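In full-length UniProt numbering, the protein residues as written are 1 to 183.
So the structure is just underneath, and the comments pick up after that.
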């Protein structure tokens with residue numbers, strides 16, 4: 001601690017230095033101003049001055065102010081069923097308005113909920129692949145050696161047949177509706 005005047009001080013902690021004022025109850029770490037309780041730098045100075053840190057705590061934390069705040073009597077209330085009925089109309093909920101922009105389809109998740117982006121996929125390590133076409137293990141339907149020959153032959157037959165039916169044009173996406181629109 002280095003005195004910097006009558007009520008000012010500088011507390012060094014390694015390379016960090018904090019300047020405080022005892023009478024203004026401030027410190028450059030701002031903890032004393034924000035909480036109302038002396039920070040560690042101010043407490044070091046208070047102990048060097050042989051004073052009690054309780055004297056420097058904000059008055060909002062004192063017991064006498066707490067008692068003065070809550071000394072009034074709080075009136076009790078009857079159950080809602082015993083309240084007197086009125087002739088006034090019951091309050092209605094606010095009118096729902098359609099908000100501008102695209103409507104939201106997914107529900108808004110709470111901040112504590114998992115959004116699914118951080119989930120890891122379960123690996124398929126150790127699983128055996130079974131082909132649906134030939135029934136053997138070691139490959140699936142997509143990489144089946146018997147399927148490659150069939151798919152090449154069938155796809156070439158379909159394309160030539162479709163081209164001959166439509167006068168040389170391949171089928172378009174959308175079917176009849178697309179051709180009616182001019183697509």
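Glycine included, each C-beta is placed from N, C-alpha and C at the ideal position.
This structure is a prediction, so every number in the text was calculated from the model and none was measured.
Coarse secondary structure for residue i, derived from DSSP in three states
i, result
"residue 3", "strand"
"residue 129", "coil"
"residue 69", "helix"
"residue 17", "strand"
"residue 146", "helix"
"residue 12", "strand"
"residue 124", "coil"
Presumed contact (8 Å Cβ cut-off) between residue i and residue j, rounded CB distance
i, j, result
"residue 19", "residue 8", "7 Å"
"residue 46", "residue 61", "Residue 46 to residue 61, Cβ: 16 Å. No contact."
"residue 136", "residue 128", "The Cβ separation is near 10 Å, so there is no contact."
"residue 48", "residue 1", "6 Å"
Buried versus exposed call for residue i [16 or more other C-beta atoms within 10 Å across all chains shown]
i, result
"residue 32", "buried"
"residue 134", "exposed"
"residue 38", "buried"
"residue 42", "buried"
"residue 11", "buried"
"residue 22", "buried"
### At least 3 beta-carbon pairs within less than 8 Å: the segment 89-103 vs the segment 60-72
Output reads no: the segment 60-72 does not touch the segment 89-103.
### Task
Could I get the ranges of all uninterrupted alpha helix (DSSP H) runs contained in the segment 71-96, with 4 residues as the minimum, in chain order?
Runs of the alpha helix (DSSP H) inside the segment 71-96: none found.
### Query
What are the uninterrupted segments assigned as alpha helix (DSSP H) that are 4 or more residues long and contained completely in the segment 14-59, given in chain order?
31-35 and 40-48
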